[in-house]
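*Asks:*
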Amino acid sequence: MTRTLEERNWGFVAIRFVAIGAISFLVMQPLLWMAASSFKPEIDIFRDIGLLPRRFTFENYVRGWKGTGMGFALFFRNSIAMVSVAIIGNLISCTLAAFAFARMEFRFRSVLFALMMATIMLPQHAVMITQYIMFFRLGVANSMIPVVLPKFFATDAFFIFLIVQFMRGIPSELDQAARVDGCNSWSIFYRIVLPLCQPALVTTTIFTFLWTWNDFFTQLVYLTHPKLQTVSLALRRFIDGDALPAYGQMMAMSVLSILPIMILFAFFQRLLIEGISTSGLKS
Amino acid sequence: MAASLVLSFTDYNLFDKPRFTGLENFALMFSGDWHFPAALSVTLRYVLIAVPLQLLVSLLLAFVLNRGVPGLSVFRTLFYIPSLLGSSVAVGILWRQIFGGEGVLNIMLTGLGLEWARGVSWIASPRYALGTIIILRVWQFGSPMIIFLAGLKQIPQELLEAAEIEGASRLQRSWRISLPMLSPIILFNFVMQIISAFKVFTEAFIVSGGASGGGVVGGTLDSLLFYTIHIYSEGFVKFRMGYASALSWLLLGIISVFTFISFRFSSKWVFYNEGT
Amino acid sequence: MYRKSKNWAVAGLLFGAALAVAFAGGGSEKAGNAQPQGPVEFRVSWWGATGRNEKYLKIMEEYQKRNPSVKLTPEYQGWADYWSKMATLVAARNLPDVHQYTNNQLGEYQSKGAIVSLEPYVKSGVIKLDDWNKAMVDSGRINGELVAITIGITGPAMIFNVSWAEELGIKIPPFDHNWTWNQFAAWLKQDVQPKLPAGAYAFGDYGQAENYFWTWIRQNDAKWIDANGKYAVPASVLESWYAFMDDLRKSKVSPPLEFTMEDLKKARGENGFNKRRILIYPTNANQAKLEQKFMANPGDRVELRRLPRREGAATAAECLITSALTISATSKFKDEAAKYIQFFVNDTVAQEIYGGEIGVPGSLTVQKLLRPKLDKVAAQEFDYINLIAGPGSPPTEPKPKGVWAFDAEVQQMNQRVAVGEVTPAQAAQAIIERANKFLSTVR
Chain G
1019 MTRTLEERNW GFVAIRFVAI GAISFLVMQP LLWMAASSFK PEIDIFRDIG LLPRRFTFEN
1079 YVRGWKGTGM GFALFFRNSI AMVSVAIIGN LISCTLAAFA FARMEFRFRS VLFALMMATI
1139 MLPQHAVMIT QYIMFFRLGV ANSMIPVVLP KFFATDAFFI FLIVQFMRGI PSELDQAARV
1199 DGCNSWSIFY RIVLPLCQPA LVTTTIFTFL WTWNDFFTQL VYLTHPKLQT VSLALRRFID
1259 GDALPAYGQM MAMSVLSILP IMILFAFFQR LLIEGISTSG LKS
Chain D
1337 MAASLVLSFT DYNLFDKPRF TGLENFALMF SGDWHFPAAL SVTLRYVLIA VPLQLLVSLL
1397 LAFVLNRGVP GLSVFRTLFY IPSLLGSSVA VGILWRQIFG GEGVLNIMLT GLGLEWARGV
1457 SWIASPRYAL GTIIILRVWQ FGSPMIIFLA GLKQIPQELL EAAEIEGASR LQRSWRISLP
1517 MLSPIILFNF VMQIISAFKV FTEAFIVSGG ASGGGVVGGT LDSLLFYTIH IYSEGFVKFR
1577 MGYASALSWL LLGIISVFTF ISFRFSSKWV FYNEGT
Chain B
3 MYRKSKNWAV AGLLFGAALA VAFAGGGSEK AGNAQPQGPV EFRVSWWGAT GRNEKYLKIM
63 EEYQKRNPSV KLTPEYQGWA DYWSKMATLV AARNLPDVHQ YTNNQLGEYQ SKGAIVSLEP
123 YVKSGVIKLD DWNKAMVDSG RINGELVAIT IGITGPAMIF NVSWAEELGI KIPPFDHNWT
183 WNQFAAWLKQ DVQPKLPAGA YAFGDYGQAE NYFWTWIRQN DAKWIDANGK YAVPASVLES
243 WYAFMDDLRK SKVSPPLEFT MEDLKKARGE NGFNKRRILI YPTNANQAKL EQKFMANPGD
303 RVELRRLPRR EGAATAAECL ITSALTISAT SKFKDEAAKY IQFFVNDTVA QEIYGGEIGV
363 PGSLTVQKLL RPKLDKVAAQ EFDYINLIAG PGSPPTEPKP KGVWAFDAEV QQMNQRVAVG
423 EVTPAQAAQA IIERANKFLS TVR
């Protein structure tokens, strides 16, 4: 019985592997092409459209890295600093807000929840101008503040909602048991619910990183000073309708810009893999 | 946000003070804005097709990956990369390379003998352009997939083991246990993807050529005039910020309706593991 | 409870603040016209891509070297993003001290009071325009008042792939050929298209070339907007515009719609002109030298030719497109800004760095200076612009408010004609109707 089970398993595993492999190849096609282009000389990029460059060069990386004026070392530093602060802000404010929504009873809970959801339903462009005027009059328009400050005020309803859903998946018997043991709300939050939400927290981290990094329009409007430029702003400068574009450099720098998030992702994957030990339920 | 609500009822050209005009903007939407129907149509079709498709793919792959495959973490990362590139300028170029008249897709199709595909520009064709953006979204299934994987990990292993011992098959276990346990997450992804699909901007803007400044907004014959692109064009190009605000609030209304309906029906199939 | 009240407090605060600043009007604006004391620090902005950005930065560096007490802060984006940013900045009245426009947007922003008149600076000699081509200077005048100094003039042109034409035995007209649109169409149909290989087209679709349309308006002595603020382009002019192109498409002399729409988004080096799919391209003169660099067949030579003219007209009346520097109305350093503009457009070193990047410089001295360094196509661009900016061509007034925003509609209508959704006559009527609807909402 065991042997046949194993044989069957291997067969299925192989099928799964091949299927997934094929899908990944398909999925990766555009990216492979992008990476290949980054190693081709500028003129070749649209003439030689194969996946293997006929002429191989590093010049796109070298020249692209120098950027214009400031250079990508600065852009990466700025982008990473920006997303780091944003992540901290979100982790703090969103978990607190989520706990309130998920576990606490208060009068206008559903109204506030709806209001909170409404904030993500309004397209960015509608609020951008008035928001900019507001920050400009406060004197902080040309800085990182308008980009990261809102994160500390639980304005990313997406994560609040996500964490709420996770928290609702945690049985409230745990809470009750803890209360019996003499814990107050804060302890319940900090010691029981929060650790069990680890996947949600990891997800929050990853997505905050990604979205803040790529939130091009906000950065465009608020980050004017050359020393504040970020990677996503810099990438848009390689191509212009009017002047001579630099596709190779843009490709090269785009490839590099994926690296930080990939590293973060790879690092946090383990936390997603390990999952939660549910032995806590028993005790 | 409140300011933009008030702006919906004004005429604001970005420089002079906003001038109160009452419901004029909303009247304009239905009688004087000849792009409005296209904006609605494109966006609604996109949401109704792309979101279910994307979620289906991401859910399926989450289950498959969760079962265990050699090189699991590698695949997970690979599948996630398209989402990383989502709103970058590179995507516009990549999509042109694939779906352009002499793009990779056509090379493959004509290679397989489908001669009618020769020279067909998928991204410039009024009929197929939207399809390319739908594919773009489905290609980015990595994002919701990650969330599904996180949710699958949260399912207590004992439940699944107990069921296995009692003789439940893989399929039964998935259908009867994993899926219901996952339902809050499914709801979440569903609502979130709908909201984000309604708001899609950057990818469509770049693929339709807006970012390269050719003066073309919304693709050929408005085939890619997503609602938010229309809002952008009204507010930032035509300087009719009051009208743009009104459009935005209408969108919010539409999204709320969809969200409300989703939540309303959720009690029928979503299972929360709280205080039974 | 703690968290609940915190949420309320925050929400209330943001709500109140947002309302307050949105409607606080001009109360907090400073009068700031007098030059404040202390170090001079101002912002300069432009649109561009890598190579061009470096030129601007070098020019700024040079200026700061010579004027150590002045600190310049650059702000630059790609074309589309530049305009997104400009819209936000003009709303907040926070435009950079020195920024640029083309005469497409100039009228729009000037009507919003975004920029100041530059007449005082010319009169006082801070900005010297004595040796400048008059038509080029005038491209920055609105109602006679100079508000913008050009850093490069371009205009609509046709570019030819001369080498390919020679190979096919097609005779290209001389440089300043005097022919009408009908003669042009006939030539394309009889002498050009038959000699082209299958899948190639003689002339690209001009529907998306707004400068061609502008020229068409001029050739037909039409105005954009009449005295009552209504759209003044006659139906007949619009109809002939759409009909001409429609005829070329139907005769297969010009490509079908989808080909053109994709072509517009293509990168240099892969578009129809580069790849010998289109022989003659409607575009702006300053694009010629760029296209030349990216021709798929390296030996293909690119040359410029003028637009055809209307029956019986003396000139093709091409519009002059200027990219020009302006000074923001809210700048605290207007005098310094003017000095910077003077440096940019007239200083030898600055102009050598810039090298006619965005178009032909207005100063004849500078033109003479740059001439020897130009490659063949760029030299021809200079000749071309001087030709169309010469005496005898009517002046180009910047587009009035509302016209630029409407350009996209005119272009899109061409798409509808192309797929047969409307006839040229219907298209003309629709445009006038829509234009008036749109203009009535423009303040």
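Just so you know, the protein sequences line up as chains G, D and B, in that order.
Its first residue numbered 1019, the first sequence is counted upward by one per residue in the working numbering.
Its first residue numbered 1337, the second sequence is counted upward by one per residue in the working numbering.
Its first residue numbered 3, the third sequence is counted upward by one per residue in the working numbering.
Every residue, glycine too, gets a C-beta built ideally from N, C-alpha and C.
#1: With H, G and I counted as helix, E and B as strand and the rest as coil, what does DSSP make of residue 1122 of chain G?
#2: Taking only three categories from DSSP, how would you classify residue 163 of chain B?
#3: Leaving out the 5 sequence neighbours to the left and right, which residues in its chain are closer than 7 Å to residue 1100 of chain G when beta-carbon positions are compared?
#4: With residue 1082 of chain G as the anchor, note down where its beta strand (DSSP E) starts and where it stops.
#5: Considering residue 1430 of chain D, what are the terminal residues of the beta strand (DSSP E) in which it resides?
#6: List, from N- to C-terminal side, the alpha helix (DSSP H) runs of 4 residues or more that fit wholly inside the stretch 1144–1216 of chain G.
#7: Could you tell me the distance, in whole angstroms, from the CA atom of residue 1437 of chain D to the CA atom of residue 262 of chain B?
#8: In terms of residue numbering, what span does the alpha helix (DSSP H) encompassing residue 1530 of chain D cover?
#9: Hey, out of G:1049, G:1050, G:1060, G:1028, whose CA is closest to residue 1267 of chain G's CA?
#10: If you draw a straight line from the alpha carbon of residue 266 of chain B to that of residue 48 of chain B, how long is it in whole angstroms?
#11: Going by beta carbon distance, what residues of the same chain come within less than 7 Å of residue 211 of chain B, once the five residues before and after it are set aside?
#12: Using a 10 Å radius around the Cβ and a threshold of 16 neighbouring Cβ atoms, would you call residue 252 of chain B buried or exposed?
#13: Which stretch, first to last residue, makes up the alpha helix (DSSP H) that contains residue 1371 of chain D?
#14: Quick one: residues in its chain with C-beta nearer than 7 Å to the C-beta of residue 104 of chain B, no 5 flanking neighbours on either side, listed in chain order?
#15: Give the secondary structure of residue 2 of chain B by DSSP, where H, G and I count as helix, E and B as strand, and everything else as coil.
#16: From residue 1545 of chain D to residue 1082 of chain G, what does the alpha carbon distance come to, in whole angstroms?
#17: For the putative contact between residue 1054 of chain G and residue 1070 of chain G, defined by C-beta atoms under 8 Å, what is the C-beta separation to the nearest angstrom?
#18: With distance defined between alpha-carbon atoms, name the residue in B:110, B:207, B:280, B:392 nearest to residue 407 of chain B.
#19: Report buried or exposed for residue 1450 of chain D, applying the criterion of at least 16 other Cβ atoms within 10 angstroms of its Cβ.
#20: Take residue 1062 of chain G and list the residues in its own chain whose beta-carbon comes closer than 8 Å to its own, dropping the five residues that flank it on each side.
#21: Taking 9 Å as the CB-CB cut-off, is residue 1254 of chain G touching chain B?
#22: Report back the beta-carbon spacing between residue 1490 of chain D and residue 1217 of chain G to the nearest angstrom; my notes put them in contact at under 8 Å.
#23: Could you spell out where the alpha helix (DSSP H) holding residue 285 of chain B opens and where it closes?
#24: Return the Cβ separation of residue 1215 of chain G and residue 1184 of chain G in integer angstroms, given the expectation that the two are a contact with Cβ distance under 8 Å.
#25: Are there 16 or more other CB atoms within 10 angstroms of the CB of residue 27 of chain B, so buried, or fewer, so exposed?
#26: Could you pull out every unbroken alpha helix (DSSP H) segment of at least 4 residues lying fully inside the stretch 1457–1513 of chain D, listed in chain order?
#27: If you check the beta carbons only, do residue 99 of chain B and residue 339 of chain B fall under 9 Å apart?
#28: Going straight from the alpha carbon of residue 25 of chain B to that of residue 1152 of chain G, what length do you get?
#29: Across the stretch 159–177 of chain B and the stretch 369–377 of chain B, are there enough close Cβ pairs to call them in contact, namely three or more that are closer than 8 Å?
#30: Measure from the C-beta of residue 166 of chain B to each C-beta in chain D and report whether the shortest distance is under 9 Å.
#31: Which residues bound the alpha helix (DSSP H) around residue 325 of chain B?
#32: Between which residues of its own chain and residue 472 of chain B is the CB-CB distance below 7 Å, once the five residues before and five after are set aside?
#33: Quick one: does residue 54 of chain B have its CB under 9 Å from some CB of chain D?
#34: From residue 461 of chain B to residue 1588 of chain D, what distance separates their C-alpha atoms?
#35: Determine, for residue 1554 of chain D, whether the minimum Cβ-Cβ distance to residues of chain G falls below 9 Å.
#36: Taking just the CA atoms, how far does residue 148 of chain B sit from residue 1049 of chain G?
*Replies:* In this structure, then:
#1: Here residue 1122 of chain G refers to the residue found at position 104 of the first sequence. Coil at residue 1122 of chain G, not helix or strand.
#2: By one-based count along the third sequence, residue 163 of chain B stands at place 161. Looking at residue 163 of chain B - three-state DSSP - the assignment turns out to be strand.
#3: On the first sequence, residue 1100 of chain G is found 82 positions in, with the first residue counted as 1. So the qualifying residues of the chain are 1162, 1165, 1166, 1230, 1248.
#4: Within the first sequence, residue 1082 of chain G is the residue found at index 64, counting from 1. That residue, residue 1082 of chain G, is in no beta strand (DSSP E); its alpha helix (DSSP H) goes 1077–1084.
#5: Looking up residue 1430 of chain D in the second sequence gives position 94. That residue, residue 1430 of chain D, is in no beta strand (DSSP E); its alpha helix (DSSP H) goes 1425–1435.
#6: 1163–1166, 1175–1186, 1190–1198
#7: Here residue 1437 of chain D refers to the residue found at position 101 of the second sequence. Here residue 262 of chain B refers to the residue found at position 260 of the third sequence. Answer to the nearest angstrom: the Cα atoms are 11 Å apart.
#8: One-based indexing of the second sequence puts residue 1530 of chain D at position 194. Looking at the DSSP string, the run of the alpha helix (DSSP H) that includes residue 1530 of chain D is 1515–1534.
#9: Numbered from its first residue, the first sequence carries residue 1267 of chain G at position 249. If we check each option's Cα against that of residue 1267 of chain G, G:1060 comes out closest.
#10: Residue numbering aside, residue 266 of chain B sits at position 264 when the third sequence is read from its first letter. Residue numbering aside, residue 48 of chain B sits at position 46 when the third sequence is read from its first letter. Between residue 266 of chain B and residue 48 of chain B, the C-alpha separation is close to 23 Å.
#11: Locating residue 211 of chain B in the third sequence gives position 209, where the first residue counts as 1. 158, 284, 285, listed in sequence order.
#12: Here the question's residue 252 of chain B lines up with position 250 in the third sequence. Result: exposed.
#13: Locating residue 1371 of chain D in the second sequence gives position 35, counting from the first residue. Here residue 1371 of chain D belongs to no alpha helix (DSSP H), and DSSP marks it neither H nor E.
#14: Within the third sequence, the letter at position 102 stands for residue 104 of chain B. The residues are 323, 324, 325.
#15: Absent from the model: residue 2 of chain B. The displayed extent of chain B is 3 to 445, so no value can be given.
#16: Walking along the second sequence from the start, residue 1545 of chain D turns up at place 209. Walking along the first sequence from the start, residue 1082 of chain G turns up at place 64. Rounded to whole angstroms, residue 1545 of chain D to residue 1082 of chain G spans 23 Å at the Cα level.
#17: Walking along the first sequence from the start, residue 1054 of chain G turns up at place 36. Walking along the first sequence from the start, residue 1070 of chain G turns up at place 52. Residue 1054 of chain G to residue 1070 of chain G, Cβ: 7 Å. Contact.
#18: Locating residue 407 of chain B in the third sequence gives position 405, where the first residue counts as 1. With distances taken between Cα atoms, residue 407 of chain B lies closest to B:110.
#19: Against the second sequence, residue 1450 of chain D aligns to sequence position 114. Exposed, because fewer than 16 other Cβ atoms sit within 10 Å of the Cβ of residue 1450 of chain D.
#20: What you label residue 1062 of chain G is simply residue 44 of the first sequence in a count that begins at 1. Excluding positions up to five away in sequence, the list reads 1071, 1072, 1073.
#21: To locate residue 1254 of chain G, count along the first sequence from 1; it is residue 236. Yes, because at least one Cβ of chain B sits closer than 9 Å to the Cβ of residue 1254 of chain G.
#22: Translated into the one-based positions of the second sequence, residue 1490 of chain D becomes position 154. Translated into the one-based positions of the first sequence, residue 1217 of chain G becomes position 199. Sure, about 6 Å apart at Cβ, within 8 Å.
#23: The sequence position of residue 285 of chain B within the third sequence is 283, counting from 1. Looking at the DSSP string, residue 285 of chain B is not in any alpha helix (DSSP H); the run it does join, the beta strand (DSSP E), is 280–286.
#24: Reading the first sequence from its first residue, position 197 is the one you call residue 1215 of chain G. Reading the first sequence from its first residue, position 166 is the one you call residue 1184 of chain G. Their Cβ separation, rounded to whole angstroms, is 5 Å, which keeps residue 1215 of chain G and residue 1184 of chain G in contact under 8 Å.
#25: Taking the first residue of the third sequence as 1, we reach residue 27 of chain B at position 25. Note that residue 27 of chain B scores a pLDDT of 35, beneath 50, so its modelled location is shaky; the value from the coordinates is reported in the next line. Per the 10 Å Cβ criterion, exposed.
#26: 1465–1475, 1478–1489, 1493–1501, 1506–1509
#27: To locate residue 99 of chain B, count along the third sequence from 1; it is residue 97. To locate residue 339 of chain B, count along the third sequence from 1; it is residue 337. The answer is yes: Cβ separation under 9 Å.
#28: Numbered from 1 along the third sequence, position 23 holds the residue referred to as residue 25 of chain B. Numbered from 1 along the first sequence, position 134 holds the residue referred to as residue 1152 of chain G. Because residue 25 of chain B sits at a pLDDT of 38, beneath the cut-off of 50, its placement in the model cannot be relied upon, and the point is left open.
#29: no
#30: Taking the first residue of the third sequence as position 1, residue 166 of chain B is located at position 164. So no, residue 166 of chain B is outside the interface.
#31: Here residue 325 of chain B refers to the residue found at position 323 of the third sequence. First-last for residue 325 of chain B: 323–329, but that is the beta strand (DSSP E), not the alpha helix (DSSP H).
#32: No statement about residue 472 of chain B is possible, as the shown extent of chain B runs from 3 to 445 and does not include it.
#33: Reading the third sequence from its first residue, position 52 is the one you call residue 54 of chain B. Judged by the 9 Å Cβ criterion, residue 54 of chain B is not in contact with chain D.
#34: Here chain B covers residues 3 to 445 and nothing more, so residue 461 of chain B does not appear.
#35: Position 218 of the second sequence holds residue 1554 of chain D. Answer no: the Cβ-Cβ gap between residue 1554 of chain D and chain G never drops below 9 Å.
#36: Stepping through the first sequence from its first residue, residue 1049 of chain G is reached at position 31. Stepping through the third sequence from its first residue, residue 148 of chain B is reached at position 146. If you take the alpha carbons of residue 1049 of chain G and residue 148 of chain B, they lie about 50 Å apart.
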